[in-house]
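*Asks:*
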Amino acid sequence: MAVGFGYDVVPGQKDRYVELANFAIDKAQELISPGRTLIAVFPFLKHIPTWFPGAFTQRLCARVKKAAVEYRNQPFEFVKTNMAAGLSKHCVLQQLIENHTDDNGFCKDEETIKDAMAALYIGGVETMKTTETDFIMAMTLYPDTQKKAQEEIDRVIGKDRLPTLDDRPSLPYVEAVYREVLRWRPITPLGFPHSTDEDDIYKDLYIPKGAIIMPNVCSITRNEERYPEPELFCPERYFTEEGTLNKDTVSYVFGFGRRICPGRHLAETSVWLMVALVLATFNISKARDEHGNEIDVDDQAFTDTLAMHPLPFKCSITPRSQQTESLVREAAFAANQI
């Protein structure tokens, strides 16, 4: 919200914009998950009006649409109002409005900008949060992998600064960890629904026009010929025999065709940077109970929604040293000054 709209969300307090976005995200996932609604099975039911008895899905669709439209419009108007009053903070939306406003003060691409900014949060924040939680789970369960990545960062970068995107080519093992996070627990195991725009035949299988097609991303990530022992978190699988990174960038997790994730490049760099920064600054391990015993983490405990999220689990996250703690505090302070 701060990056996109120059809007600061107060931790621990309910926020109108965040609630709108989260409601739209959560309920939309339920609605578009295959087989979760009768409309998905019997498309003709979409013509039933919302007032008809039993039309629960239609009424939920209307509520989701209302929330999505409000989230699309309200933060935009918030920034425009602040810009007019000279109170806006520097943010992506402000820059877009300025770049697309003519000499008469008319914003030429207002509707497109609204769509893009709504997608920045609705399409990006939820997936980023889930990927970060997947990464934390992996580091909790695979401490040797975590240690190896930290050793690479310390050797290449040192302990006097934080990693940046410029360091990416110099950190191949961190790159491999990033790739394995995306593969190990893909956020959308069945991808997003596609639809055929004409009749097709694939391996003697007739696929009629308008059929719903689900790309089985989970099956790709569990292909044992490509990924031996696929349930293991193993960054080493991305290295050749010569010790260099192979060409498998697991790009398939971002989708296919016209429905490929439009923000995949931003997502890729954001996730990589998150992985590098967390490894450089924190130690992640299993939490302990009141008797000092480690609390196990179930790596199969995930939601069954279209976008798969880890169920809550306990772990311990501590600064690697006082020096790294200081670096984190300095970076946080600098970010708040922007």
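Residues 2 to 339 in the working numbering are what the sequence shown lists, from first letter to last. Cβ atoms here follow ideal geometry from the backbone N, Cα and C, with glycine treated the same way. On a predicted model such as this, the values are computed, not experimentally measured, just so you know.
#1: Beta carbon of Arg321, beta carbon of Thr270: below 8 Å?
#2: Spatial neighbours of Tyr253 within its chain, please: C-beta separation below 6 Å, excluding the five flanking residues on both sides.
#3: Only counting runs of 4 or more residues, tell me where the alpha helix (DSSP H) segments fall wholly within the segment 198-232, in order along the chain.
#4: Taking just the CA atoms, how far does His91 sit from Ile123?
#5: For the beta strand (DSSP E) containing Asn284, list its first residue and its last residue.
#6: Please classify Thr304: does DSSP put it in a helix, a strand, or coil?
#7: For the alpha helix (DSSP H) that contains Cys62, what are its first and last residues?
#8: Using 8 Å as the cut-off, can you tell me whether the segment 239-250 makes contact with the segment 170-182, which would need three or more C-beta pairs spanning the two stretches below that distance?
#9: Rounded to the nearest angstrom, what separates Ala277 and Met2 at their Cα positions?
#10: I'd like the span of the alpha helix (DSSP H) that includes Pro144, first residue to last.
#11: For a test of the three-state rule: what should DSSP assign to Thr131, helix, strand or coil?
#12: Within the continuous beta strand (DSSP E) that includes Pro320, where are the two ends?
#13: Which residues does DSSP list as the beta-bridge partners of His195?
#14: List the whole-angstrom C-beta distance separating Gly258 from His195, where the pair is believed to meet the contact cut-off of C-beta under 8 Å.
#15: Just the C-alpha distance for Ala333 and Met129, rounded to the nearest angstrom, thanks.
#16: Please look up how many angstroms separate the CB atoms of Ile114 and Leu88, rounded, as I've assumed it's under 8 Å.
#17: Since Asn100 is in the alpha helix (DSSP H), which residue starts that stretch and which ends it?
#18: From Arg17 to Leu172, what does the alpha carbon distance come to, in whole angstroms?
#19: On a CA-only basis, which of Cys108, Ile40, Tyr8 is nearest Val80? Give me that one, please.
#20: If distances are taken between C-alpha atoms only, which option among Pro231, Thr131, Arg330 comes closest to Leu312?
#21: For the segment 260-274 and the segment 287-301, state whether three or more C-beta atom pairs, one from each stretch, are separated by less than 8 Å.
#22: Buried or exposed for Thr165, going by 16 or more other Cβ atoms inside 10 Å?
#23: Write down the C-beta distance between Tyr228 and Arg184 rounded to the nearest angstrom, noting that I regard them as a contact closer than 8 Å.
#24: Is the separation between the beta-carbon of Tyr72 and that of Ala139 shorter than 8 Å?
#25: Could you check if Tyr207 is buried or exposed, using at least 16 other CB atoms within 10 Å of its CB as the buried criterion?
#26: Can you give me the C-alpha to C-alpha distance between Leu25 and Phe57, rounded to a whole angstrom?
#27: Of all the options Val4, Leu32, Glu20, which has the alpha carbon lying nearest to the alpha carbon of Phe193?
#28: Based on Cα-Cα distance, which residue from Leu191, Ile214, Pro190, Thr189 lies nearest to Asp201?
#29: Around the Cβ of Gly106, are there at least 16 other Cβ atoms within 10 angstroms (buried) or fewer (exposed)?
#30: One question on the structure: do Thr146 and Pro236 come within less than 8 Å of each other, judged by their Cβ atoms?
#31: Under DSSP, the alpha helix (DSSP H) around Lys28 begins and ends at which residues?
*Replies:* So, from the data block:
#1: For the purposes of this step, residue 321 is taken as residue 320 along the sequence shown, with counting starting at 1. For the purposes of this step, residue 270 is taken as residue 269 along the sequence shown, with counting starting at 1. In this structure, Arg321 lies away from Thr270, with their beta-carbon atoms at least 8 Å apart.
#2: One-based indexing of the sequence shown puts residue 253 at position 252. Contacts found: Ile221.
#3: The qualifying runs are 218-222.
#4: For the purposes of this step, residue 123 is identified with residue 122 of the sequence shown, where counting begins at 1. For the purposes of this step, residue 91 is identified with residue 90 of the sequence shown, where counting begins at 1. Looking at the two C-alpha atoms, the distance is approximately 21 Å.
#5: On the sequence shown, position 283 is the one that residue 284 refers to. Taken as a continuous stretch (DSSP letters only), the beta strand (DSSP E) holding Asn284 covers 283-287.
#6: Your numbering for residue 304 matches position 303 in the sequence shown. Per DSSP, reduced to three states, the secondary structure at Thr304 is coil, with no helix or strand assignment.
#7: By 1-based counting over the sequence shown, the position of residue 62 is 61. Note, Cys62: alpha helix (DSSP H), 57-86.
#8: Judged by Cβ distances under 8 Å, the segment 239-250 makes contact with the segment 170-182, as three or more pairs qualify.
#9: Indexing the sequence shown from 1 puts residue 277 at position 276. Indexing the sequence shown from 1 puts residue 2 at position 1. Distance between the alpha carbons of Ala277 and Met2: 23 Å.
#10: Here the question's residue 144 lines up with position 143 in the sequence shown. Membership of Pro144 in the alpha helix (DSSP H) is indicated by the continuous run 144-157.
#11: Taking the sequence shown and counting its residues from 1, one reaches residue 131 at position 130. Thr131 falls in the helix class under three-state DSSP.
#12: In the sequence shown, residue 320 corresponds to position 319, counting from 1. Taken as a continuous stretch (DSSP letters only), the beta strand (DSSP E) holding Pro320 covers 316-320.
#13: Here residue 195 is taken as the residue at index 194 of the sequence shown, counted from 1. In the DSSP assignment, His195 is bridged to Ile214.
#14: Along the sequence shown, one-based indexing puts residue 258 at 257. Along the sequence shown, one-based indexing puts residue 195 at 194. Contact check for Gly258 and His195: beta-carbon distance about 7 Å, within the 8 Å limit, so the pair qualifies.
#15: Counted from its first residue, the sequence shown places residue 333 at position 332. Counted from its first residue, the sequence shown places residue 129 at position 128. Here the C-alpha atom of Ala333 lies approximately 19 Å from the C-alpha atom of Met129.
#16: Taking the sequence shown and counting its residues from 1, one reaches residue 114 at position 113. Taking the sequence shown and counting its residues from 1, one reaches residue 88 at position 87. The beta carbons of Ile114 and Leu88 sit about 20 Å from each other, so the pair does not count as a contact at 8 Å.
#17: Stepping through the sequence shown from its first residue, residue 100 is reached at position 99. First-last of the alpha helix (DSSP H) with Asn100: 93-100.
#18: For the purposes of this step, residue 17 is identified with residue 16 of the sequence shown, where counting begins at 1. For the purposes of this step, residue 172 is identified with residue 171 of the sequence shown, where counting begins at 1. If you draw a straight line from the Cα of Arg17 to the Cα of Leu172, it is about 40 Å long.
#19: As a first step, residue 80 must be located in the sequence shown, where it is residue number 79. Scanning Cys108, Ile40, Tyr8 for the CA closest to the CA of Val80 turns up Tyr8.
#20: Numbered from 1 along the sequence shown, position 311 holds the residue referred to as residue 312. Ranking Pro231, Thr131, Arg330 by Cα distance to Leu312 puts Thr131 first.
#21: Cβ pair count under 8 Å is below three, so no.
#22: Numbered from its first residue, the sequence shown carries residue 165 at position 164. So Thr165 counts as exposed.
#23: In the sequence shown, counting from the first residue as 1, residue 228 sits at position 227. In the sequence shown, counting from the first residue as 1, residue 184 sits at position 183. A Cβ-Cβ separation of about 7 Å places Tyr228 in contact with Arg184 under the 8 Å criterion.
#24: Residue 72 sits at position 71 when you count from the first residue of the sequence shown. Residue 139 sits at position 138 when you count from the first residue of the sequence shown. In terms of Cβ geometry, Tyr72 and Ala139 do not form a close pair [threshold 8 Å].
#25: Locating residue 207 in the sequence shown gives position 206, where the first residue counts as 1. In summary, Tyr207 is exposed, with fewer than 16 beta-carbon neighbours lying within 10 Å of its beta-carbon over all protein chains present.
#26: Counting from 1 along the sequence shown, the entry for residue 25 is found at position 24. Counting from 1 along the sequence shown, the entry for residue 57 is found at position 56. What sits at residue 25 in the sequence shown is Ala, not Leu. For Ala25 and Phe57, the distance between alpha carbons rounds to 16 Å.
#27: For the purposes of this step, residue 193 is taken as the residue at position 192 of the sequence shown. Comparing Cα-Cα distances from Phe193 to each of Val4, Leu32, Glu20, the minimum goes to Leu32.
#28: One-based indexing of the sequence shown puts residue 201 at position 200. If we check each option's Cα against that of Asp201, Ile214 comes out closest.
#29: Against the sequence shown, residue 106 aligns to sequence position 105. Flag for Gly106 reads exposed.
#30: Position 145 of the sequence shown, counted from the start, is the residue given in the question as residue 146. Position 235 of the sequence shown, counted from the start, is the residue given in the question as residue 236. A Cβ-Cβ contact shorter than 8 Å links Thr146 with Pro236.
#31: On the sequence shown, position 27 is the one that residue 28 refers to. Note, Lys28: alpha helix (DSSP H), 17-33.
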